[in-house]
Amino acid sequence: MYTTIQAALTSIFSLLASALWQAMERLGRGGVTYAIVGSLSPIKWFTPIQELPVELLHHIFLLACVPCQRHSRPLECMRARCEGGGTSSLVLGRVCRDWRNVAWGLPDLWQRLDIIVTKTDHEDGFSRKVQLIKEWIQRAQGRLLTISVQPPGKTYGGHSPHPIFDCLALHSMQWKDLYLHTPDDCIQILNSAARGRVPCLETLYVERDRGARRSKPPLDFIADAPSLQVLDYSEYHLPRAGTRNSWPRLVSLAADEGFGSIEALQLSCPNLQYLRFRDSEGNALSFPRTHFSRLKSLVIKKKFWPVKAFKAPALESFAILDPPPDEFSFRDLRDLMDVSGCNLQAFGILLRTAYEVESLQNLFLRMENITNLYIGSYKATDYHSLVRIIPRMLDPGVSEDDHRGILLPKLEVLQYCTFDPIRSVHMVNMIKNRWHGVDGLKGTGIAKLRWVRFRKWKEEILVERLKEEIEQGLRVTYDLSYEDDLF
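In the UniProt record's numbering, the protein residues as written are 1 to 487.
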């Protein structure tokens with residue numbers, strides 16, 4: 001506890017020093033500020049702190065509690081034990097009585113509630129945790145809430161946190177953003193208590209607990225969520241199309257499965273811009289194509305037939321990941337682009353089969369505005385194509401003699417995720433030529449390659465061979481995995 005408070009104080013003192021310096025500079029008293037800020041130890045700070053206007057303390061406290069900006073979800077931040085996640089509002093209240101009075105009376109400090117459910121919580125029947133949650137929400141004074149609930153690891157271990165969800169459901173009218181790790185009985189609680197009572201809910205990330213074994217329940221509590229903008233769920237189902245209202249504000253949907261047909265999805269989410277999914281109802285004969293007029297990003301995993309069901313003229317990024325080998329066709333990818341008339345700027349492909357290099361090259365010829373490219377393979381025996389042919393195909397120094405022109409002239413980011421590490425000279429030459437440029441082609445509009453990402457390996461194999469380019473500013477990282485979001 002002492003270490004936590006000490007860290008919080010260090011952060012507060014730094015913010016306070018900065019705020020005081022700026023305030024004094026505006027008053028033309030910079031010398032006085034230096035005398036205070038430059039020489040005082042933490043203990044000597046308490047007297048000037050007590051003399052600060054409450055409004056200034058409010059501002060400093062809010063800055064101290066700013067959440068992490070590096071992760072898209074609180075769950076990711078918490079699991080990474082991110083040090084940038086902000087000081088807890090409770091820690092501020094433990095420093096002294098004056099700080100506690102200020103913090104307790106500042107409702108904006110209590111709008112974010114991150115709950116980690118521990119074994120101790122289960123042993124005492126969740127009574128202390130539930131009481132703390134009630135007090136926390138009361139201090140928010142009706143403000144909209146951002147709430148995350150998760151176990152300390154990857155599962156609750158068979159101990160359901162249902163008393164916590166019972167408590168949270170009573171305040172569903174205040175929900176703004178939810179990040180939930182849930183067993184099925186907790187989803188049923190939300191379906192019973194919160195359906196029709198989430199008018200302000202904008203963001204929902206929900207992950208099913210690994211200990212859940214029953215059939216996957218629908219997320220009925222969002223059947224009427226008019227403000228919903230972002231929805232990301234796995235191993236659940238959306239409310240049936242006939243039982244849910246449309247989500248006119250939904251712009252981002254990531255679904256492992258269970259969202260129904262593509263036609264029904266378009267009717268429910270007419271303004272969808274970002275779609276990532278693994279499964280849907282339908283088949284390859286679902287014609288005519290469904291028109292998504294505002295869709296900018298589309299990622300399809302484990303399926304291929306949906307490629308034939310979309311028409312997306314505004315599409316800017318598209319990825320097909322691990323499609324069934326017996327369904328996959330480069331021709332259908334070309335048809336999607338031709339029918340949509342889209343202008344792709346990012347493209348990704350991950351296969352379990354060997355690459356048809358000629359077909360891939362013909363596809364790239366239609367993608368002159370691509371700036372971000374992802375190529376992945378699970379097939380170790382396709383090594384020749386991945387480490388020799390494809391890098392040479394992308395090398396402007398080799399393809400300058402091709403009458404069809406340079407492939408992907410605007411490429412700036414290359415992501416290469418292969419089963420085995422890349423060691424080939426062809427990859428090195430391609431990267432160098434796209435970084436330095438090629439004599440005779442400089443000044444012709446070919447972009448400089450700025451970032452190359454490879455799959456995670458203990459040995460960063462090509463870093464030494466690209467040392468000169470890295471010193472000049474090229475980024476070469478070994479941080480990719482097969483599960484990463486590409487764009």
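For each residue, glycine too, the CB sits at the ideal point set by N, CA and C.
Can you look up residue i in the DSSP assignment and give me helix, strand or coil?
| i | result |
| --- | --- |
| I446 | coil |
| C200 | coil |
| R97 | helix |
| I422 | coil |
| R434 | helix |
| T120 | helix |
| Y482 | coil |
| K467 | helix |
| V476 | strand |
| F347 | strand |
| H171 | coil |
| E235 | coil |
| T290 | strand |
| L113 | strand |
| L56 | helix |
| residue 488 | Past the boundaries of the shown model lies residue 488; the chain is included only from 1 to 487, so the question cannot be answered. |
| residue 490 | The structure shown does not extend to residue 490, since the chain is modelled only from 1 through 487, so no value can be given for it. |
| S268 | helix |
| Y163 | The sequence shown places Pro at residue 163, not Tyr. Here P163 sits in helix by DSSP. |
| S340 | helix |
| residue 491 | The structure shown has nothing for residue 491, since the chain only spans 1 to 487. |
| R352 | coil |
| I36 | Low local confidence applies: a pLDDT of 34 at I36 is under 50, so the model's placement there is unreliable, with the coordinate-based value given in what follows. If DSSP states are grouped into helix, strand and coil, I36 belongs with the helices. |
With respect to the beta strand (DSSP E) encompassing residue i, which residues constitute its N-terminal and C-terminal limits?
| i | result |
| --- | --- |
| L144 | Segment: none, L144 is in no beta strand (DSSP E) and carries neither H nor E. |
| R453 | 451-455 |
| H181 | 175-182 |
| V299 | 297-301 |
| L373 | 372-377 |
| L275 | 274-277 |
| L253 | 252-255 |
For residue i, count the other beta carbons within 10 Å of its own beta carbon; 16 or more makes it buried, fewer makes it exposed. Which is it?
| i | result |
| --- | --- |
| Q138 | exposed |
| C186 | buried |
| T418 | buried |
| residue 507 | Given a span of 1 to 487 for the chain in the structure shown, any question on residue 507 remains unanswerable. |
| V387 | buried |
| Q131 | exposed |
| G38 | The predicted position of G38 is uncertain, since its pLDDT is 36 and thus under 50; a value taken from the coordinates is nonetheless stated next. Exposed, because fewer than 16 other Cβ atoms sit within 10 Å of the Cβ of G38. |
| M97 | The question names Met, but residue 97 in the sequence shown is Arg. Under this definition R97 is an exposed residue. |
| L267 | exposed |
| T182 | buried |
| A255 | buried |
| L295 | buried |
| T203 | buried |
| G105 | exposed |
| G293 | Contrary to the premise, residue 293 reads as Ser rather than Gly in this sequence. It counts as exposed. |
| D184 | buried |
| S377 | buried |
| L170 | exposed |
For the alpha helix (DSSP H) containing residue i, list its first residue and its last residue.
| i | result |
| --- | --- |
| Q415 | That residue, Q415, is in no alpha helix (DSSP H); its beta strand (DSSP E) goes 413-417. |
| N362 | 357-364 |
| R392 | 390-394 |
Would you say residue i lies against chain B (beta-carbon separation less than 7 angstroms)?
| i | result |
| --- | --- |
| F487 | In the structure shown, chain B does not exist; there is a single protein chain. |
Those runs of the beta strand (DSSP E) which lie wholly inside the stretch 304-338 and span at least 3 residues: 317-321
Checklist entry - Is the stretch 328-335 touching the stretch 457-471, taking contact as three or more C-beta pairs under 8 angstroms? => result With contact defined as three or more Cβ pairs closer than 8 angstroms, the stretch 328-335 and the stretch 457-471 are not in contact.
query = Is it a yes or a no for the stretch 165-175 touching the stretch 191-206, going by three-plus beta-carbon pairs under 8 angstroms?
reply = yes
Using a Cβ distance threshold of 8 angstroms, determine whether the stretch 371-379 contacts the stretch 348-358, with at least three qualifying pairs required. yes
Query raised in the report: How do the stretch 469-486 and the stretch 361-371 stand: do at least 3 beta-carbon pairs fall below 8 angstroms, yes or no?
Result: no
Using 8 angstroms as the cut-off, can you tell me whether the stretch 333-344 makes contact with the stretch 306-316, which would need three or more C-beta pairs spanning the two stretches below that distance? yes
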